[in-house]
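J.:
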Amino acid sequence: MNLVMDIKYETEYRLRIRIYDPKNARYEVPLDTPKVTKAAPIQRYSVIVSNTGDAFNFAVTRKMLEPGQPVVLFNTSGAAPLIFADQFIQLSTFLPTKCLYGLGEHRGSLLHSMDWRRLTTWNRDQAPHDADTGTNLYGHHPFYLMMEDGGRSHGFFLLNSNAKETALQPAPALTWRTIGGVLDLYMFMGPSPSEVVQQYTEVIGRSFMPPYWSLGFHLCKYGYHSVNETMAVVKRMQEAKIPQDTQWNDIDYMDQYKDFTIGTSKFGDQAGMVNTLHSMGMHYVMIVDPGISNKKSSSPYPPYDVGTKMDIWIKDSKGVPLVGKVWPGDVVFPDFTNPKAYDYWTQMTKAFHDQVQFDGMWIDMNELSNFYDGSLTGCPGNKYDNPPYVPAVLGDQLKAKTICPSAQQNFSLTYNVHDLYGLTETMATYQALKTARARRPFIISRSTFAGQGHYGGHWSGDNFARYEDMAVSIPEMLNMNMFGISMIGADICGFHDDTTEQLCQRWQQLGAFYPFSRNHNDLGKKPQDPAVFSDAMKNSTRTALSVRYSLLPYLYTLFHKFPEDTNTYIIDDQFLWGSALMITPVLTKDTTALNTYFPACAWYDFYTGLKITGSGSRIKVNAPLSQINLYVRGGNILPMVEPAMTTTESRKNNFRLLVALNETGQANGGLFWDDGETIGTHDSGVFNMIMFSAGKNFVSSEVMKAGYTGEKMTLDKLTVYGMLVTPKSVTVNGKGAQFQYNSPVKTLTVSIPLVDLLKPFSVKWM
């Protein structure tokens, strides 16, 4: 076999290398990547390839445009030779350091061990029970980020969706093994971690802009058996005065667990329930699985009847619709690589939305999950069902708990496109929701592939009510951010098993700072919504969620401006929102003190404004059960809002600014604002962008864009942390204002007479 190596110098910071057989067309992932026709005039990298006739190898080196030695980032010379066969491809390389992150979806610490670890990817319905096993879970993200000596970083992406395993070796070295497709390699030069991720998402797609309401608190349980039971939970939360934006239902609402149906005996008034939620300023999301029941019935079932007429089912090797089994019994599966399936899914979604005015969709079981191994009739056992090499997948066979690899889809055989199912279903659901609602779609999917974050979010799956599961949710969240999925969270308090009050209390505090914040648990387990616990638990949850709701303008701005921001890659027991807010949760039982790492700069206790001077080391701090510790980095201005029970209400409230001065008495920040639900406001210009800056004796604003006037935007309060000198007077736009100065902690609070944020303002003190 004579292979071609195609090298494309796509941008200054991005290199693409394709290795393929030009005489035999092979499957390639149909991801919409940037089309580049000319080499970048400046490149921060160089490629060296072995001479013709020599053993094949190549190396990629970072060019140093400042003093320093070039760094070899990827070097196959001396490693195991390239193998490129029909159903087995292997590529090995030496790496510059052992500081490697990414390669999902797997459970474990953020920093990978390079001690002969093997990571397998082949999307599977698998509860993530144990850490650091490397077994295949719900998603497939063949991307890694590596920190180099000296603080620079780079990234690597293998655009290949076949089953694969990645071997990590202590040399340090890495070996990719995949059983199909081609080698389509991208390298990203960074040099900062956030720049690496930005360069990666430029290829796979930027993170979607969520509807504002989706940043509120969500509540669900498998086992709300009726409308009355569902609304009783909402009432319980309201009576406890705990913020909640969205109520969810699991498969309980369906008729015999069939998609796009309503169980009339107990959920007959589902439409009325949703209308009631809307009247309360709340929203509603329900689950939809891909399996469509093919059970014969005397009454029509449009999801099956229409799908059969449109001929959009996945077929077996003989061209007959493949029959699997999930919750409703025997089912067939839409082929979302078929464009007709998009129209089908839109029809079904819109028809159901005409009955029940839901606001978002939760798509589950889309790895594909199958209660048969392969199909009702098994698999033919050809070279795709039984390939010569099988990566170390759970179940030891590719068909285990899913459909036959030989099953036919429009793009290619399932052998090639199995791991794209969750992504393609998300894409179809995005189109369906746009059509049905004409507003910004909100989708949470269990199965993911590279590019998922462009269309929807993800939750980490069926976790357990254990402290270790709570702790590992932080690296899970950071990894997904690295993969370009910003809307990510874990089932707060745990899905499997019964939680305890202390565990749930600590988890609710942490979960208040997941980008996607949802409490959810399993059928037959005790209710764990925050309102069922003691007053102390209710109070601490109310406090944590009220802080979240007050900070939503800051979080929303991060989604707009920094959708790929990732920080603190080495530490995975605390994390940052953007660059300004550090969250340090308690992750172990009976713990009321933490050794918190403070990077070398000024930090302030979020609640009190007390200054902590970080030195790049850990400091012991109190961590009472009543609250989660939060710290603001000096040099930042956080836009905030007066919290409320829902985002619908909080958007009517006044804005506030929290100013945290750095060591030189300066700070800056920004606020992005639109109506929170219209699609494409950035492109249409119907948004506001306001920048804030602070110096030693002032805070001022500059209105960069004032394209949205649908709501009032008034500022009523300004708080400054790190105010070293007692002010004698404070003015707002030249007029005297009331203020308070706390001398022991050096904080200034100014009462603002409702300044219009769409006009520049200035607060000064003397």
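Counting from 29, one number per residue, gives the positions in the sequence shown under this note's numbering.
Where is the CB? At the ideal position from N, CA and C, for every residue including glycine.
What you are looking at is a predicted structure, and each value in this text was computed from that prediction instead of being measured.
(1) If you measure between the beta carbons of T624 and R646, is that distance less than 8 Å?
(2) Roughly how many whole angstroms lie between the Cα atoms of C127 and P503?
(3) Out of curiosity, what's the CA-to-CA distance linking W14 and M389?
(4) Less than 8 Å between the C-beta atoms of L341 and P349, yes or no?
(5) Taking DSSP as the reference, what is the three-state secondary structure of G106?
(6) The ligand NAP and V758: does the residue's C-beta get closer than 7 Å to at least one heavy atom of that ligand?
(7) Curious, which full-length alpha helix (DSSP H) runs of at least 4 residues does the segment 216 to 302 contain?
(8) What ranges does the beta strand (DSSP E) occupy inside the segment 509 to 563, keeping only unbroken runs of at least 3 residues that lie completely in it?
(9) Quick one: using the 10 Å Cβ neighbour count with 16 as the cut-off for buried, is R546 buried or exposed?
(10) Determine, using beta carbons only, whether M505 and E529 come nearer to each other than 8 Å.
(11) Run the CB neighbour count on V360, radius 10 Å, all protein chains shown included, and call it buried at 16 or more, exposed below.
(12) With three or more C-beta pairs closer than 8 Å as the rule, is the segment 449 to 458 touching the segment 367 to 379?
(13) Hey, out of R234, T148, G233 and R180, whose CA is closest to K192's CA?
(14) Check the DSSP bridge columns for Y48 and list the partner residues they point to.
(15) If you drop the 5 nearest sequence neighbours on each side, which residues of the same chain put their C-beta closer than 6 Å to that of D401?
(16) Can you tell me the Cβ-Cβ gap for R44 and Y281, rounded? I've got them flagged as a contact below 8 Å.
(17) Whole angstroms is fine: what's the gap from A765's alpha carbon to K639's?
(18) Grouping DSSP H, G and I as helix and E and B as strand, with all else coil, what is V773?
(19) Is it the case that the Cβ atoms of P109 and A83 are separated by a distance below 8 Å?
(20) Give the single residue among M33, Y41 and R54 whose Cα lies nearest to the Cα of Y443.
(21) Between which residues of its own chain and D557 is the CB-CB distance below 8 Å, once the five residues before and five after are set aside?
(22) Grab me the residues of D34's own chain with a C-beta within less than 6 Å of its C-beta, minus the 5 sequence neighbours each way, in chain order.
(23) On the CB-based measure, 16 or more other CB atoms within 10 Å of its CB, does E592 come out buried or exposed?
(24) So what's R135 in DSSP terms, helix, strand or just coil?
(25) Would you call the segment 199 to 209 and the segment 475 to 489 touching, i.e. three or more CB-CB distances under 8 Å?
(26) Pull the bridge partners of I117 from the DSSP assignment, please.
(27) By how many angstroms is the C-alpha of M217 removed from the C-alpha of G178?
(28) Per DSSP, what kind of secondary structure is K343 in: helix, strand or coil?
(29) Is any beta-carbon of chain B found at less than 8 Å from that of N103?
(30) Helix, strand or coil for N696, going by three-state DSSP, please let me know.
(31) Considering just the uninterrupted stretch of the alpha helix (DSSP H) at L451, what are its terminal residues?
(32) Rounded to whole angstroms, how far is the Cβ of V687 from the Cβ of M510, which I believe are closer than 8 Å?
(33) With a threshold of 7 Å on Cβ separation, who are the neighbours of T258 within its own chain once the five nearest residues in sequence on each side are excluded?
(34) Of the residues K343, M393 and D447, which one's Cα is nearest the Cα of Q437?
(35) Where do the ends of the beta strand (DSSP E) carrying P26 lie?
T.: Taking the geometry as given:
(1) R646 is positioned such that its CB atom lies closer than 8 Å to that of T624.
(2) 15 Å
(3) There is no way to answer for residue 14, as the model of the chain reaches only from 29 to 794.
(4) It is worth fixing the name first, because residue 341 is Trp in this sequence and not Leu. The answer is yes: Cβ separation under 8 Å.
(5) coil
(6) The ligand NAP is not among the ligands present in this structure, which contains no ligands whatsoever.
(7) 221 to 232, 255 to 267 and 292 to 295
(8) 545 to 547
(9) Burial call: buried.
(10) Contact flag unset, no.
(11) buried
(12) yes
(13) T148
(14) Secondary-structure assignment with DSSP links Y48 through a beta bridge to V32.
(15) K427 and A428
(16) About 46 Å separates the two Cβ atoms, so there is no contact after all.
(17) 25 Å
(18) coil
(19) yes
(20) Closest in alpha carbon position to Y443, among M33, Y41 and R54, is R54.
(21) L247, K249, V261, R264, M265 and N547
(22) R46
(23) The predicted position of E592 is uncertain, since its pLDDT is 36 and thus under 50; a value taken from the coordinates is nonetheless stated next. E592 is buried by the Cβ-count criterion.
(24) The DSSP-derived three-state label of R135 is coil.
(25) no
(26) F112 and T206
(27) 14 Å
(28) strand
(29) The structure shown has no chain B; it contains just one protein chain.
(30) Reduced to three states, the DSSP call for N696 is strand.
(31) In the DSSP assignment, L451 falls within the alpha helix (DSSP H) that extends over Y449 to R465.
(32) So it is not a contact: roughly 30 Å between Cβ atoms.
(33) Y252, Q275, N277 and M301
(34) If we check each option's Cα against that of Q437, K343 comes out closest.
(35) Outside the displayed span of the chain (29 to 794) sits residue 26, for which this structure offers no information.
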